Amino acid sequence: MSSSKKRTRNSNCLQILNLDENVRFVGIVKYNKLVSFAKRKDWYEITNEISGVVHHQASKEILQCEMGEDDDLGITNWMITSKEFVKMMTIFLEDSMLIISSEPNADHDSIINKIKTLNIKF
0 MSSSKKRTRN SNCLQILNLD ENVRFVGIVK YNKLVSFAKR KDWYEITNEI
50 SGVVHHQASK EILQCEMGED DDLGITNWMI TSKEFVKMMT IFLEDSMLII
100 SSEPNADHDS IINKIKTLNI KF
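What follows is the structure in structure tokens.
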């Protein structure tokens with residue numbers, strides 16, 4: 000990946016991180032790898048690693064199950080996992096996933112709608 004593309008992705012993650020103070024972590028997963036991310040400075044590193052791995056694995060499994068499948072309800076656009084201490088959002092993009100971790104009381108609908116209004120390409 001070119002350094003300019005990496006800078007753009009990092010900038011996009013940072014832009015999403017700054018949309019809402021409840022967002023802790025934003026990452027772009029492509030080809031089952033975290034290719035870019037941004038996180039809050041005050042968010043503990045171990046929490047970041049654990050929730051990121053769990054979130055990524057769950058999203059990957061869901062995506063693999065749905066690849067190539069088209070049912071009467073359509074494809075999955077995004078999904079939410081709400082835990083006691085964290086809320087995790089996965090937005091499925093054309094060839095990648097956007098993963099977001101937030102405070103458990105965050106308004107995920109508001110966050111996702113704010114992301115949709117951004118004019119950014121992943």
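Numbering (numbering that gives the first Met the number 0), first residue to last: 0 to 121.
A virtual CB, placed ideally from N, CA and C, is assigned to each residue, including glycine.
The structure presented is a predicted model; accordingly, all values stated were derived computationally and were not measured.
Bridge partners for residue i per DSSP, in chain order?
{"i": "R26", "result": "Reading off the sequence, residue 26 comes out as Gly, not Arg. For G26, which the question treats as bridged, DSSP gives the partners F36, I98."}
Ends of the beta strand (DSSP E) at residue i?
{"i": "S81", "result": "77–81"}
{"i": "K86", "result": "86–91"}
Using a Cβ-Cβ cut-off of 7 Å (strictly less than) and excluding sequence neighbours within five positions of residue i, which residues of its own chain qualify?
{"i": "W77", "result": "M88, T89, I90, F91, I111"}
{"i": "A37", "result": "N9, C12, L13, L16, V25"}
In the DSSP assignment, find the unbroken alpha helix (DSSP H) run with residue i in it and report its ends.
{"i": "I74", "result": "Unbroken run through I74: none, as it is neither H nor E."}
{"i": "N11", "result": "2–16"}
{"i": "D108", "result": "107–116"}
Below 8 Å CB to CB, which residues in the same chain sit around residue i once its five sequence neighbours on both sides are set aside?
{"i": "E83", "result": "P103"}
{"i": "S109", "result": "D19"}
Who are the near neighbours of residue i in its chain, counting only those whose CB is closer than 6 Å to its CB and skipping five residues on each side?
{"i": "R8", "result": "I27, S35"}
With three or more beta-carbon pairs closer than 8 Å as the criterion, would you say the region 18–28 touches the region 105–120?
yes
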